[in-house]
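These protein sequences, in sequence, are chains A and B. Going by numbering that gives the first Met the number 0, the first sequence opens with residue 0, and the numbers climb by one from there. Going by numbering that gives the first Met the number 0, the second sequence opens with residue 0, and the numbers climb by one from there. Note that beta-carbon positions come from the ideal geometry of N, C-alpha and C, so glycine has one too. Here is the structure we will look at.
There are 2 protein chains.
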Amino acid sequence: MTHDVKLTYAALKQCDLDDPLLAKRAAFHLPDNTLYLDGNSLGAMPKIAAERAAEVVSQQWGEHLITSWNRHNWIDLPFSVGDKIGRLIGAAPGQVVCCDSTSVNLFKVLCAALSLQPKRHTVLSVNGNFPTDLYMVEGLSQVTGTQRCQLKLVDDAKLEAAINQEVAVLLLTQVDFRSGRLFDMAKLTRLAQDKGALVIWDLAHSAGALPVAVDECNVDFAIGCGYKYFNGGPGAPAFIYAARRHHSTISQPLTGWMGHKTPFSFDTRYEKAPGIAQFLTGTPAVLSMSVLDAALEVFADVDMQQLRQKSLALSDCFQQLLSQHECLRGLERITPYNADERGSQLAYRHPDAYALCQALIKQGVIADFRAPDILRLGFTPLYLRYVDIWTAVEILADVMRSGEYLKTEYQVKHKVT
Amino acid sequence: MTHDVKLTYAALKQCDLDDPLLAKRAAFHLPDNTLYLDGNSLGAMPKIAAERAAEVVSQQWGEHLITSWNRHNWIDLPFSVGDKIGRLIGAAPGQVVCCDSTSVNLFKVLCAALSLQPKRHTVLSVNGNFPTDLYMVEGLSQVTGTQRCQLKLVDDAKLEAAINQEVAVLLLTQVDFRSGRLFDMAKLTRLAQDKGALVIWDLAHSAGALPVAVDECNVDFAIGCGYKYFNGGPGAPAFIYAARRHHSTISQPLTGWMGHKTPFSFDTRYEKAPGIAQFLTGTPAVLSMSVLDAALEVFADVDMQQLRQKSLALSDCFQQLLSQHECLRGLERITPYNADERGSQLAYRHPDAYALCQALIKQGVIADFRAPDILRLGFTPLYLRYVDIWTAVEILADVMRSGEYLKTEYQVKHKVT
């Protein structure tokens with residue numbers, strides 16, 4: 000697909016016919032008359048997820064009750080789901096566990112990383128990082144005091160220069176939630192480790208969206224989300240990656256019974272489990288985790304390089320179609336153009352981004368708004384077709400041309416946007 | 000029901016006919032040929048829970064996708080479910096929130112309580128407390144240092160004497176997970192507060208099992224579990240109670256975006272939400288929480304005094320039937336006899352408790368084993384009948400008399416017991 004030739008619907012239809020991932024679309028339930036460009040907020044529902052939810056509720060819980068901990072191996076879910084995620088982020092088995100929320104998991108790995116850095120206390124991140132990541136560092140500072148944990152924020156452009164021998168932990172989100180900017184994991188990890196720092200990567204917007212190689216990049220710790228590109232359902236549990244080389248020496252303070260060496264001996268004193276299990280805290284969220292487990296089966300035969308290619312192609316296609324509409328020139332792209340520097344979304348600044356987003360949703364194109372003025376579109380190659388991109392841009396152009404978005408009803412902000 | 004007259008099956012059948020809660024049983028799915036005496040580990044499945052799970056997965060997620068945060072009010076679930084729980088533990092609205100696991104929630108309220116006690120650092124509890132509660136205190140000590148948080152453990156018998164002016168926080172589980180012993184919440188809360196201490200009650204084995212009155216007892220903080228007596232499903236989210244008088248002055252370190260005053264403004268700095276929302280951390284576990292929400296509807300018209308009466312009657316009935324079987328004399332009761340001193344379970348010590356439990360399960364009576372030698376039986380008045388108790392004891396007597404439990408197959412320990 001070149002940018003010189005005008006893209007046509009027919010050409011896009013052909014792209015779909017040539018698409019090796021097209022068949023995957025059938026694995027998802029997609030509502031009629033809806034184009035879903037928000038899989039980076041909440042992934043669409045894999046059909047197998049509905050089946051698994053029914054099975055876990057009615058059969059495993061309803062029929063087999065407490066015996067399911069053994070009979071259906073609920074007790075091992077955090078590890079089996081963890082390993083499935085591990086395969087998709089380039090982690091060898093035994094280094095990923097599924098549990099809790101991304102925020103809670105960040106607290107754990109942050110403490111684990113700092114436990115290896117007795118002489119340093121600076122946690123370096125960027126101003127644009129997802130706020131919850133920054134809040135969790137602030138929260139930890141509050142209990143440890145700033146002499147053990149202090150957040151330092153810089154702009155993206157000053158990041159590399161700020162990585163020095165004061166830094167205990169470099170905390171970055173691989174793909175920026177607003178702009179979709181992709182950091183170079185290999186390079187930044189190396190830069191940090193060269194200065195004696197440890198790295199924590201937040202993979203919320205990259206896991207399941209592009210090939211990630213935590214082992215190969217020698218990453219120390221990572222966290223991520225189950226309900227975006229993994230399609231694990233609303234509020235699906237999150238995950239933790241901790242490189243095996245750290246397992247025996249780290250500690251983290253959310254020492255619940257599931258992280259104990261022998262939880263069912265009910266010892267009065269805590270003794271941490273060996274390996275990745277030490278990151279478990281309370282009872283696993285069996286129902287949600289089972290649904291995520293089912294959703295991950297959809298990825299079992301997916302080639303992540305192929306997925307990445309389609310993700311970039313869909314994004315480029317969107318951009319080219321946009322440029323074919325005079326009326327859409329007012330959308331200022333903030334996502335980098337270079338393929339190596341972006342994830343699986345495009346973001347555009349526009350003074351009426353909120354109203355545009357609402358008007359689009361009304362017309363069946365589900366996009367996302369991020370304060371104060373960003374329209375965000377996520378491209379999920381497992382269930383989006385090239386022709387969907389065509390239709391989405393046509394509707395966007397209609398909304399813009401007609402001034403539909405200027406109606407009062409689209410200006411009123413909802414609780415969640 | 001008196002202890003002098005021999006209990007008969009006919010008498011128990013009459014008890015069922017006279018039971019005002021009998022109709023509630025129809026709200027639950029109960030497997031055939033199973034007597035479930037383990038609702039204190041994992042509550043049975045309310046039929047409405049299966050319906051809600053299907054609706055949330057297929058309709059709310061599958062059809063309405065991201066728009067459900069507003070359309071189905073996912074964003075308010077932690078508060079609406081919290082208030083439903085609040086009603087059952089005697090908390091006025093706005094003081095309970097549903098989130099995370101019991102262990103993670105304990106960490107939050109522990110920090111919140113200690114934030115009000117700058118001059119004290121002792122967290123007093125009892126040796127027999129549920130281990131995860133003690134582990135979480137240990138974990139916090141690890142990051143704060145013992146000069147801010149130090150666990151002190153005493154035996155139950157020495158508890159009152161140990162409540163002195165050194166104690167920052169008294170941390171107790173109302174009903175002991177092993178013995179079923181019930182602490183006097185009103186008295187112990189008063190004793191602690193008279194010495195300037197704050198109290199945290201773990202309601203894991205009391206919420207939904209008996210009338211709890213946190214407001215009336217002037218409790219400071221409480222936590223509890225969604226999957227036991229509330230029947231919220233495996234790994235259902237837990238809850239936090241924090242008395243309104245503390246909301247403006249406390250702080251806790253798991254400061255995720257959902258606890259921010261305005262999460263969707265994506266500010267770089269954390270500013271805590273007013274009220275109970277400050278205890279939220281990451282994205283709510285929508286699917287699991289919705290199922291718990293449905294399960295709580297079963298309680299909407301339940302009189303907790305009536306539930307308590309039946310719970311005690313079922314327990315007494317079990318004990319009396321036990322005493323009618325010569326062969327069951329070897330079971331040494333460790334649960335207090337006084338109704339004011341026990342929850343909704345009975346626990347018996349026996350050298351072969353593990354094998355007995357396994358043999359019972361094989362015969363369809365699901366009981367629970369707690370290391371090293373305790374057979375635990377939970378009584379859940381919403382779905383157990385008096386005649387079920389009769390049948391359970393008959394089977395227990397058969398297993399004991401026949402020596403069935405001595406077979407090798409029952410001696411082999413499973414991963415989870």
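According to the DSSP assignment, K151 (chain B) belongs to the beta strand (DSSP E) that extends over Q149 to V153. Annotation note: the region 26-69 of chain B contains the following uninterrupted alpha helix (DSSP H) runs of length 4 or greater, listed N- to C-terminal: 46-53. Exclusion of the five residues before and after A235 (chain B) leaves G225, Y226, S287 and L291 as the residues of its chain whose Cβ lies within less than 6 Å of its Cβ. Think of a sphere of 9 Å around the beta carbon of S124 (chain B): no beta carbon from chain A falls inside it, the nearest being about 10 Å out. For S310 (chain A), no beta strand (DSSP E) run applies; the uninterrupted alpha helix (DSSP H) run containing it begins and ends at M303 to S322, by DSSP. Across the set B:G258, B:A352 and B:Y347, the C-alpha of B:G258 shows the shortest separation from the C-alpha of D99 (chain B). When secondary structure is reduced to three states using DSSP, S124 (chain B) falls in the strand class. Along the region 264-277 of chain B, going in chain order, the ones with a CB nearer than 8 Å to a CB of chain A are S264, F265, D266, T267, R268 and Y269. Residue nearest to S247 (chain B) within the set B:P273, B:Y269 and B:L279 is B:P273 (criterion: CA-CA distance). Counting along the chain, G85 (chain B) sits inside no beta strand (DSSP E); it lies in the alpha helix (DSSP H) bounded by residues L76 to I88. It is roughly 7 Å from the alpha-carbon of S322 (chain A) to the alpha-carbon of R328 (chain A). In the DSSP assignment, A161 (chain B) forms no beta bridge with any residue. Cβ contact annotation for G179 (chain A) (same chain, cutoff 7 Å, sequence separation greater than five): T334, R341, G342, Q344, L345 and A346, in chain order.
Taking 9 Å as the cut-off, the beta carbon of L36 (chain A) is found closer than this to the beta carbon of V364 (chain A).
By the C-beta criterion, the region 119-135 of chain B is judged not to be in contact with the region 307-326 of chain B, since fewer than 3 inter-stretch pairs fall below 8 Å.
Straight through space, the alpha carbons of I394 (chain B) and S57 (chain B) are spaced by roughly 42 Å.
When C-beta distances to chain B are compared with 7 Å, the residues of the region 34-62 of chain A below that value are Y35, D37, S40, L41, A43, M44, A48, A49, A52, A53, V56, S57, W60, G61 and E62, in chain order. A residue is called buried once 16 or more other Cβ atoms fall within 10 Å of its Cβ, and Q13 (chain A), having fewer, is exposed.
Counting only runs of 4+ residues, the alpha helix (DSSP H) found wholly inside the region 261-309 of chain A occupies 285-296, in chain order. With its beta carbon at least 9 Å from every one in chain A, D18 (chain B) lies outside the interface.
The Cβ of M135 (chain B) sits closer than 9 Å to at least one Cβ of chain A. The three-state reading of DSSP puts Y240 (chain A) in strand, counting E and B together.
Apart from the 5 residues on each side of it in sequence, L279 (chain A) sits with its Cβ closer than 8 Å to the Cβ of P77, V96, C98, G255, M257, G258 and A272 in its chain, given in chain order. I360 (chain B) has no beta-bridge partner at all, per DSSP.
Of the residues B:N32, B:A48, B:A9 and B:L34, the one whose Cα lies closest to the Cα of A293 (chain B) is B:A48. In the structure shown, F106 (chain B) adopts helical secondary structure according to DSSP, grouped into three states. For V142 (chain A), no pairing in a beta bridge is given by DSSP. Taking 9 Å as the cut-off, the beta carbon of L187 (chain A) is found closer than this to the beta carbon of V198 (chain A).
Of the candidates B:C316, B:W60 and B:V153, the residue whose Cα lies closest to the Cα of K46 (chain A) is B:W60.
Near chain A, meaning a CB-to-CB distance below 8 Å, the residues of the region 273-305 of chain B are T280, G281, T282, P283, A284, V285, L286, S287, M288 and V290.
One Cα belongs to I222 (chain A), the other to L383 (chain A), and the distance between them is close to 26 Å. Contact note: D99 (chain B) reaches chain A through D99, S100, V103 and G281, using a C-beta cutoff of 8 Å and chain order. A Cβ of chain A is located within less than 9 Å of the beta carbon of G232 (chain B). Counting the other CB atoms within 10 Å of its CB gives Q251 (chain A) a total of 16 or more, which places it among the buried residues. For Q141 (chain A), the chain B residues whose C-beta falls within less than 7 Å of its own C-beta are S250 and P252, listed in chain order. At a cut-off of 9 Å between C-beta atoms, P130 (chain A) counts as an interface residue with respect to chain B.
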